[in-house]
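> Same order as they appear, the protein sequences are chains A and B.
For the first sequence, the tail end lands on 354 under this note's numbering, and the numbers increase by one without skipping.
For the second sequence, the tail end lands on 1285 under this note's numbering, and the numbers increase by one without skipping.
Ideal Cβ positions, reconstructed from N, Cα and C, are used throughout, including at glycine.
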Amino acid sequence: MSTRAGVDPRPAGDGPVLEARAVRKVFRTFERAPGLRGLIKNFVARDHVDIAALDGVDLRVERGESVGLIGANGAGKTTLVKILAGIVPASSGEARLLGRDSFDLRDAEKRRLALVMGQKSQLWWDLPPIDSFRLLKEIYGVSDADFGERLNRFASMLEVEDRLKIQLRQLSLGQRMKMEIIGAFLHSPEVVFLDEPTIGLDLISRETIRRFLIGLSEERAATFVLTSHDLEDIEETCRRIVVLDQGKVAFDGGLTDLSRRVTGKRAVEVHVHPGARIDEVALAAELSGFGAEVSGRSAGSLTVLVSADRLAALVPRLFTLLDVKDLSVERQPLEHLIREIYRRGVDGPAGGAV
Amino acid sequence: MSAAAARGPLLLLRMVAYEFRKRIQFRAGFVVREVLNGTVEPLVMLFVYTALYGSAASMASGADGGDEVVLGGWTYGEIIQYVAGLVVVRKLVFHNRALDLAPEIFEGRVTKYLVMPFRFFVLLQGRFLQFTLMQLAVATLAWCIGFALAPDYWLVPVSAGATLQAVTLVLMGSYCCFLVFFILNAMAFWLDVIWSLLVMAWFVIGFTGGALVPVSQMPEGMYGLLSYGFPYWMITAPIELLMGRLGTADFLHGAVLVGAQLLALDLLRRWVWRRGLARYVGAGM
């Protein structure tokens, strides 16, 4: 793995908890030709195509790290999670979890592992969560005392104490996901994979779950791998970010490192008075002089991206160029950083892309 | 017994309890699927056999008259007892509805089990055990009701030993059925037409076991062939043991045959599962 400049977010440990070396995963499928002729042709003979979901991924995660796995749909992040967790085998390369081949885990390693899938229930649909938890207690060999203490504490932290005896199918999406998370943590896992744990949840539920994850991460020094399309999840819970693009690692490093190395830009949101006229040509020309550009627009406002070191010079100029009603400056949102990575494209292995 | 060694059977019992809760939570579904299921086919058989024997009897009385009609070695009275036995025995035969594994594979619901520290097959064995225990109770109830309603026609076992032998053979065959259904369900790693295969398999197992016609009533060549298969020893043979038409030597012969097939199916089950897992993509995750 390439060395990254800046603060390495990874704490020291006694060997990697997760490791992927040149992992490649190819799915074989077939192309359906269009039309009746194609239908008949497909019935007789099919044209197979190989799709590389992962293409030589290297990753090393140490004990206690919180890693956010980001990528567009089809980037390969869920496939990487499946391979690291031992659910599917890699086509080539090596994936190891707790020092052992991920696809050949023994019960001893599985007992230290948990997986939460936002789009798939881990618990049993027809039973109240408490029954599922009891079954999990037997499967993982959790003692009565630990089980009682953890269940009470987690249910209280996630505010679902009064929902434990209600059939899972009758709970709301947010309550179900909280139950999933309780189930995943009952055996006090050392490695936790969370695949889109907040998908479809309201703001309050998302916030509660984030607080829970941050609390446990700090308390137990467990290793988290979180995939999410909600970049706020990643920003708030992970210190390290891995960006996947077309099956390759496009970036691997800390959030601040990402921000600094990608662009180090600030987002200036300018609100103009209603009806104010904007001379687009003059604005673009003026902004280019500062190395700035308009990155977004909405009714009555626009967002200008500029390097942090040119910010002080640009802001007064914006007041002369535009009929400014209000103005705010923020660190560039993670969404913009990710978009920037994709725009620049993948250019080599981890950390080297940007 | 060490804690680790005790954990296996305890976990299996937990799985049984969990499966049982799943089964009984919808009352109407429980009655229709677990109690009434399998009662229509014997009634159809009864209707067909009554017509057949009635027709044969009228032809026989027209020829030389008098003697009781025997078709393929079975009198009408024996067939009635066979049908009564069938009502009870089929309750004990494992049905795919209690396994239902293919949708779990298709929809990626087995993923959660793959990261848990236990053999997924234990959960499925829990389903088999739960099914068997529940159906033993249902079959006993069915026998008692049948006996109370029609004591003169109902099948009464010739001895307790014969009952034990019959139940043993049915349960061994039922486990073979469970393994066959497991293997077919696991084909969901490759195919998306599992439901059709399962329906076909259920019919073939039923027919070759004697669910429509006692195997020993079939033509000699077919009987000779089918008597090697576990379905015969799961349906026809146990009923014949209960009726006293077969004895202990036959039971031992059947137990060896079914035992060998059970082991072969179990090896095939392991192989198919391993190969299937290597193809698993965890769909929907």
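Exposed or buried, which one is A/Gly351 when buried takes at least 16 other CB atoms within 10 Å?
Indexing the first sequence from 1 puts residue 351 of chain A at position 351. In this predicted model, A/Gly351 has a pLDDT of only 45, less than 50, meaning its place in the structure is not dependable; the value taken from the coordinates is given anyway. A/Gly351 is buried by the Cβ-count criterion.
> Look at the alpha carbon of A/Phe224 and the alpha carbon of A/Val243, and state the distance between them as a whole number of angstroms.
For this step, residue 224 of chain A is matched to residue 224 along the first sequence. For this step, residue 243 of chain A is matched to residue 243 along the first sequence. A/Phe224 and A/Val243: Cα-Cα distance of roughly 16 Å.
> Going by alpha carbons, who is nearest to B/Ala1139 out of B/Tyr1232, B/Val1167 and B/Met1059?
Counted from its first residue, the second sequence places residue 1139 of chain B at position 139. Selected option, being the one with the closest Cα: B/Val1167.
> Applying the 10 Å Cβ sphere with the 16-neighbour rule, what's the burial state of B/Cys1176?
Here residue 1176 of chain B is taken as the residue at index 176 of the second sequence, counted from 1. Buried.
> By the 10 Å Cβ neighbour count, where 16 or more other Cβ atoms means buried, how is B/Tyr1153 classified, buried or exposed?
On the second sequence, position 153 is the one that residue 1153 of chain B refers to. B/Tyr1153 is exposed by the Cβ-count criterion.
> For a contact defined as C-beta to C-beta under 9 Å, what are the partners of A/Ala72 on chain B?
Residue numbering aside, residue 72 of chain A sits at position 72 when the first sequence is read from its first letter. By Cβ distance, chain B contributes nothing, its closest Cβ being about 17 Å from A/Ala72, past 9 Å.
> Let me check one thing: in DSSP terms, what residues is A/Pro355 bridge-paired to?
With chain A running from 1 to 354 in the structure shown, residue 355 of chain A is simply not present.
> Can you name the residues of chain B whose CB is closer than 9 Å to the CB of A/Lys165?
Residue numbering aside, residue 165 of chain A sits at position 165 when the first sequence is read from its first letter. Within chain B, no residue comes near A/Lys165; the closest Cβ sits about 13 Å away, beyond 9 Å.
> So is B/Gln1125 in contact with chain A if we call contact Cβ pairs under 8 Å?
Translated into the one-based positions of the second sequence, residue 1125 of chain B becomes position 125. So, not an interface residue.
> So, with DSSP's three-state summary, where would you put A/Ile139?
Your numbering for residue 139 of chain A matches position 139 in the first sequence. Helix, per DSSP.
> What residues in its chain sit with their C-beta under 8 Å from that of A/Ile338, if we drop five residues either side in the sequence?
The count along the first sequence starts at 1 and reaches residue 338 of chain A at position 338. These residues qualify, in order along the chain: Ile70, Leu231 and Val243.
> Going by other Cβ atoms of all chains shown within 10 Å of its Cβ, with 16 needed for buried, is A/Asp347 buried or exposed?
The residue given as residue 347 of chain A occupies position 347 in the first sequence. Only weak support exists for where A/Asp347 lies, its pLDDT of 46 falling under 50; the value from the coordinates is given anyway. Exposed is the call here.
> So which residues of chain B does A/Gln388 contact, with C-beta pairs closer than 7 Å?
There is no way to answer for residue 388 of chain A, as the model of chain A reaches only from 1 to 354.
> Would you list the residues sitting across from B/Trp1074 in a DSSP beta bridge?
For the purposes of this step, residue 1074 of chain B is identified with residue 74 of the second sequence, where counting begins at 1. For B/Trp1074, which the question treats as bridged, DSSP gives the partners B/Leu1071.
> Using 8 Å as the limit for Cβ to Cβ distance, is B/Leu1010 near chain A?
Taking the first residue of the second sequence as position 1, residue 1010 of chain B is located at position 10. Interface residue, yes.
> Applying the criterion that 16 or more other CB atoms from any shown protein chain within 10 Å of the CB defines a buried residue, is B/Asn1096 buried or exposed?
The sequence position of residue 1096 of chain B within the second sequence is 96, counting from 1. Buried, because 16 or more other Cβ atoms sit within 10 Å of the Cβ of B/Asn1096.
> Could you check how far apart the C-beta atoms of A/Ile130 and B/Leu1011 are, in whole angstroms? I think they sit under 8 Å.
As a working mapping, residue 130 of chain A is identified with position 130 in the first sequence. As a working mapping, residue 1011 of chain B is identified with position 11 in the second sequence. Actually they are not in contact, since the Cβ atoms of A/Ile130 and B/Leu1011 sit about 18 Å apart, beyond 8 Å.
> With a threshold of 8 Å between beta carbons, is B/Pro1103 in contact with chain C?
Of the chains in the structure shown, none is chain C; the protein chains are A and B.
> Give the interface partners of A/Met179 over in chain B, defined as CB-CB distance under 8 Å, in chain order.
Working through the first sequence from its first residue, we reach residue 179 of chain A at position 179. None at all; the shortest Cβ gap to chain B is about 13 Å.
> Between A/Pro129 and chain B, is any beta-carbon pair separated by less than 8 Å?
The sequence position of residue 129 of chain A within the first sequence is 129, counting from 1. Not one beta carbon of chain B lies nearer than 8 Å to the beta carbon of A/Pro129.
> Determine the direct distance from the alpha carbon of A/Arg240 to that of A/Ala282, and round the result to whole angstroms.
Taking the first sequence and counting its residues from 1, one reaches residue 282 of chain A at position 282. Taking the first sequence and counting its residues from 1, one reaches residue 240 of chain A at position 240. Near 40 Å, if we compare the C-alpha coordinates of A/Arg240 and A/Ala282.
> Would you verify that the beta carbon of A/Gly86 is, or is not, closer than 8 Å to some beta carbon of chain B?
The count along the first sequence starts at 1 and reaches residue 86 of chain A at position 86. Output row for A/Gly86: interface = yes.
> Based on DSSP bridge pairs, tell me the residues matched to A/Lys356.
The structure shown has nothing for residue 356 of chain A, since chain A only spans 1 to 354.
> Along the chain, where does the beta strand (DSSP E) that runs through A/Ala250 open and close?
Residue 250 of chain A sits at position 250 when you count from the first residue of the first sequence. Unbroken beta strand (DSSP E) run through A/Ala250: Lys248 to Gly254.
> Can you give me the C-alpha to C-alpha distance between A/Ala353 and A/Arg28, rounded to a whole angstrom?
Mapped onto the first sequence, residue 353 of chain A falls at position 353. Mapped onto the first sequence, residue 28 of chain A falls at position 28. Because the pLDDT at A/Ala353 is just 39, under 50, the model does not fix this residue reliably, and the value given afterwards should be weighed accordingly. Rounded to whole angstroms, A/Ala353 to A/Arg28 spans 28 Å at the Cα level.
> What ranges does the beta strand (DSSP E) occupy inside the stretch 149-229 of chain A, keeping only unbroken runs of at least 3 residues that lie completely in it?
191-195 and 223-227
> With a threshold of 8 Å between beta carbons, is B/Gln1261 in contact with chain A?
Taking the first residue of the second sequence as 1, we reach residue 1261 of chain B at position 261. By this cut-off, B/Gln1261 is not an interface position.
> Using DSSP with H/G/I as helix, E/B as strand and the rest coil, what is B/Leu1191?
One-based indexing of the second sequence puts residue 1191 of chain B at position 191. Three-state result, B/Leu1191: coil.
> For A/Arg112, count neighbouring Cβ atoms within 10 angstroms of its own Cβ and tell me buried if that reaches 16, exposed if not.
Your numbering for residue 112 of chain A matches position 112 in the first sequence. The residue in question, A/Arg112, is buried, as its Cβ has 16 or more Cβ neighbours within 10 Å.
> According to DSSP, simplified to helix, strand and coil, what is A/Lys120?
By one-based count along the first sequence, residue 120 of chain A stands at place 120. Three-state DSSP puts A/Lys120 in coil, outside helix and strand.
> Check whether the stretch 1077-1085 of chain B touches the stretch 1046-1057 of chain B, counting contact only when three or more Cβ pairs, one atom from each stretch, lie closer than 8 Å.
yes
> To the nearest angstrom, how far is it from the Cα of B/Trp1074 to the Cα of B/Asn1185?
Working through the second sequence from its first residue, we reach residue 1074 of chain B at position 74. Working through the second sequence from its first residue, we reach residue 1185 of chain B at position 185. About 37 Å.
> Could you give the first and the last residue of the continuous beta strand (DSSP E) run that contains A/Ser92?
Mapped onto the first sequence, residue 92 of chain A falls at position 92. First-last of the beta strand (DSSP E) with A/Ser92: Ser92 to Leu97.
> B/Gly1038 by DSSP, collapsed to three states: which one?
Position 38 of the second sequence holds residue 1038 of chain B. Coil at B/Gly1038, not helix or strand.
> Checking 8 Å against the spacing of the C-beta atoms, do A/Glu236 and A/Arg210 come in under that value?
Position 236 of the first sequence, counting from 1, holds the residue named residue 236 of chain A. Position 210 of the first sequence, counting from 1, holds the residue named residue 210 of chain A. Their beta carbons are under 8 Å apart, which means A/Glu236 touches A/Arg210 by this criterion.
> What would DSSP say about B/Arg1279, mapped onto helix, strand or coil?
Sequence index remark: in the second sequence, residue 1279 of chain B carries index 279 (1-based). Looking at B/Arg1279 - three-state DSSP - the assignment turns out to be helix.
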